[in-house]
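Chains as they are written, first to last, in this note's numbering: chain A, 264 to 528; chain B, 101 to 353. For reference, the structure is listed below as structure tokens.
Structure representation (structure tokens):
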């Protein structure tokens with residue numbers, strides 16, 4: 264019932280040299296506590312703007328963003344972020360990278376406890392033994408795992424994932440999908456996943472939100488029947504194929520390649 | 101490994117000196133046309149005290165000028181790196197200033213601050229060497245991927261926290277790259293002042309007295325001494341780079 268994230272009627276335009284560029288126009292999004300929502304949509308439709316809104320890094324021109332019953336007016340330490348670019352600090356070890364947020368967020372735990380938590384998370388994502396390596400010594404997938412640990416180390420209420428697996432090869436990506444399920448079981452979070460990959464959206468999320476082309480509004484919402492951990496085999500069932508077909512069709516509408524049908528989101 | 105690292109450049113220098121000696125010998129040049137390495141030894145032993153005193157004067161004024169360039173250059177770079185407006189405003193000014201040959205500035209500075217030789221020399225060394233530092237710092241800061249900022253900003257970190265924890269260390273490799281260029285430029289600046297507006301101090305003045313006395317081996321000896329000082333200072337910067345930005349060096353695979 265209680266929605267941890269609630270976005271109501273958000274409109275936003277960027278000022279550019281050639282006048283205002285509307286990116287969001289009537290965006291609605293609600294994520295219950297512990298829920299995991301994937302947001303898909305055509306390129307450049309304003310998905311990343313959405314993540315910056317939830318993180319409190321910018322304010323919408325119109326509309327409201329609520330997080331845990333409080334209006335978001337600025338950054339808050341209860342958010343963790345991971346991007347397509349893992350943005351690890353190359354001069355720090357993996358362990359020190361993961362512990363970075365704890366240097367910003369006020370915390371009561373001792374240094375030893377913080378380190379123990381970072382080590383536990385690294386172990387959880389399969390990076391045990393790499394704590395003292397530098398990011399340049401790790402593969403792309405491993406860096407992304409470390410970036411995930413950094414996003415979770417301060418126990419955020421909300422995890423914002425902006426295409427974190429977008430630059431990885433297909434097999435590494437599937438590995439990381441399964442790691443995500445494992446992490447969510449051990450370290451429950453409420454998540455928003457921005458992605459271009461429809462298979463990823465139905466494999467990871469409980470709900471998939473399709474945004475229209477720019478300016479983006481909520482065009483379609485698909486509930487994924489499976490929740491919690493699932494098997495990669497599920498992606499090859501008729502049920503999954505049907506969901507993918509629906510999403511594919513919605514994306515085509517969003518891109519303006521297919522006529523809009525009468526859908527109530 | 102480290103033996104090779106030292107031996108390779110040393111051998112290269114010896115080969116260079118041998119070729120130089122051979123060239124002068126083969127062409128039969130007298131030493132007032134082109135001094136050879138074998139002329140340098142006597143010049144150094146004859147004037148070793150002058151070399152020490154003047155070398156030190158050149159060195160400290162170059163280093164002070166360089167330190168000023170680092171402080172001011174980093175400051176300007178920060179202002180330009182963080183503000184688009186300041187970048188647009190300052191770039192043409194800086195480029196214009198940098199385009200002015202510093203040899204033409206020397207007499208102006210010498211007139212402006214008559215008699216303040218040390219100050220003048222430091223000033224020229226500074227003016228000639230701050231530009232690459234300012235540009236590299238500003239580029240390093242302005243090209244910081246927004247995600248780096250977002251990671252900390254989303255947790256409520258202040259701009260200055262972002263600067264100290266991410267922007268500054270991330271700019272260090274570019275900064276040291278520029279500092280290597282600035283080191284040699286600063287030497288040029290110091291010597292410009294010492295030669296164009298002579299006041300009896302520094303290796304430039306020693307060069308000038310060699311010229312006046314037609315002591316060609318002395319002039320060449322000064323040039324080599326300058327080169328040696330330049331190499332020493334350059335490797336000091338390389339050592340600092342290893343300490344502060346060694347992480348940027350990729351391990352060979």
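Backbone N, C-alpha and C define an ideal beta-carbon position, used for all residues, glycine too. Predicted model only: the values in this text are computed from it and were never measured.
Close Cβ partners of residue i (< 8 Å) along its chain, the five nearest in sequence each way excluded
i	result
residue 279 of chain A	none
residue 317 of chain A	268, 270, 328, 330, 335, 342, 421, 423, 455
residue 306 of chain B	147, 150, 151, 154, 318, 322
residue 264 of chain A	For residue 264 of chain A, the predicted model reports a pLDDT of 44, less than 50, meaning its position is unreliable; a value from the coordinates is still stated below. Excluding residues within five positions, the ones whose Cβ falls inside 8 Å are 295.
residue 338 of chain A	318, 319, 320
residue 187 of chain B	180, 181, 238, 242
residue 326 of chain B	158, 287, 291, 303
Residue j beta carbon less than 8 Å from that of residue i
i	j	result
residue 162 of chain B	residue 216 of chain B	no
residue 329 of chain B	residue 158 of chain B	yes
residue 267 of chain B	residue 230 of chain B	no
residue 277 of chain B	residue 181 of chain B	no
residue 415 of chain A	residue 409 of chain A	no
residue 513 of chain A	residue 476 of chain A	no
residue 272 of chain A	residue 296 of chain A	no
residue 405 of chain B	residue 233 of chain B	Here chain B covers residues 101 to 353 and nothing more, so residue 405 of chain B does not appear.
residue 403 of chain A	residue 363 of chain A	no
residue 310 of chain A	residue 411 of chain A	no
residue 287 of chain A	residue 314 of chain A	no
residue 515 of chain A	residue 523 of chain A	no
residue 461 of chain A	residue 511 of chain A	yes
residue 482 of chain A	residue 426 of chain A	no
residue 265 of chain B	residue 244 of chain B	no
residue 305 of chain A	residue 274 of chain A	no
residue 442 of chain A	residue 389 of chain A	yes
residue 498 of chain A	residue 466 of chain A	yes
residue 337 of chain B	residue 279 of chain B	yes
residue 478 of chain A	residue 283 of chain A	no
residue 117 of chain B	residue 142 of chain B	no
Contacts around residue i, its chain only, beta-carbon distance under 6 Å, and the 5 residues preceding and following it disregarded
i	result
residue 469 of chain A	298, 299, 487, 490
residue 134 of chain B	124
residue 340 of chain A	368
residue 398 of chain A	351, 353, 406
residue 419 of chain A	341, 342, 343
residue 464 of chain A	301, 303, 458, 471
residue 294 of chain B	302, 304, 305
residue 333 of chain B	283
residue 348 of chain B	273
residue 248 of chain B	266
residue 103 of chain B	none
residue 139 of chain B	131, 317
DSSP bridge partner residues for residue i (one or two, in chain order)
i	result
residue 292 of chain A	A/270
residue 230 of chain B	In the DSSP output, where bridge partners are listed per residue, residue 230 of chain B has none listed.
residue 425 of chain A	A/346, A/457
residue 279 of chain A	A/282
residue 197 of chain B	DSSP, once it has assigned bridges, lists no residue as partnering residue 197 of chain B.
residue 299 of chain A	A/454
residue 470 of chain A	A/300, A/486
residue 329 of chain A	A/269, A/334
residue 481 of chain A	A/474
residue 287 of chain A	A/275, A/479
Interface residues of chain B facing residue i [CB-CB closer than 7 Å]
i	result
residue 510 of chain A	Near residue 510 of chain A there are no residues of chain B at all, since even the closest Cβ is about 27 Å away, more than 7 Å.
residue 427 of chain A	In chain order: nothing, as chain B lies at least about 11 Å away.
residue 364 of chain A	255
Contact set between residue i and chain A, taken where Cβ atoms lie within less than 7 Å
i	result
residue 261 of chain B	367
residue 257 of chain B	367
residue 248 of chain B	350
residue 245 of chain B	348, 350
residue 347 of chain B	353, 354, 397
residue 266 of chain B	352
Closer than 8 Å at the beta carbon, the chain B residues around residue i
i	result
residue 320 of chain A	250, 253, 254
residue 342 of chain A	254, 255
Interface partners of residue i on chain B, CB under 9 Å
i	result
residue 339 of chain A	254, 255, 256
Partner residues on chain A for residue i, Cβ-Cβ distance less than 8 Å
i	result
residue 269 of chain B	352, 354
Cβ shell of residue i (< 7 Å), same chain only, five flanking positions each side left out
i	result
residue 528 of chain A	Model confidence at residue 528 of chain A stands at a pLDDT of 45, short of 50, so the residue's coordinates are unreliable and nothing is read from them.
residue 166 of chain B	225, 229, 282, 283, 286
residue 288 of chain B	228
Q. Can we say the region 289-302 of chain A touches the region 448-464 of chain A, given the rule of at least three CB pairs closer than 8 Å?
A. yes
Q | contact_flag[the region 113-130 of chain B, the region 501-509 of chain A] where n(CB pairs < 8 Å) is 3 or more | A | no
Q) Counting pairs of Cβ atoms below 8 Å between the region 241-259 of chain B and the region 199-217 of chain B, do you hit three or more? A) no
Q) Is the region 269-287 of chain B touching the region 235-252 of chain B in the sense that three or more CB pairs, one from each, lie closer than 8 Å? A) yes
Q) Does the count of Cβ pairs from the region 353-362 of chain A and the region 384-395 of chain A closer than 8 Å reach three? A) yes
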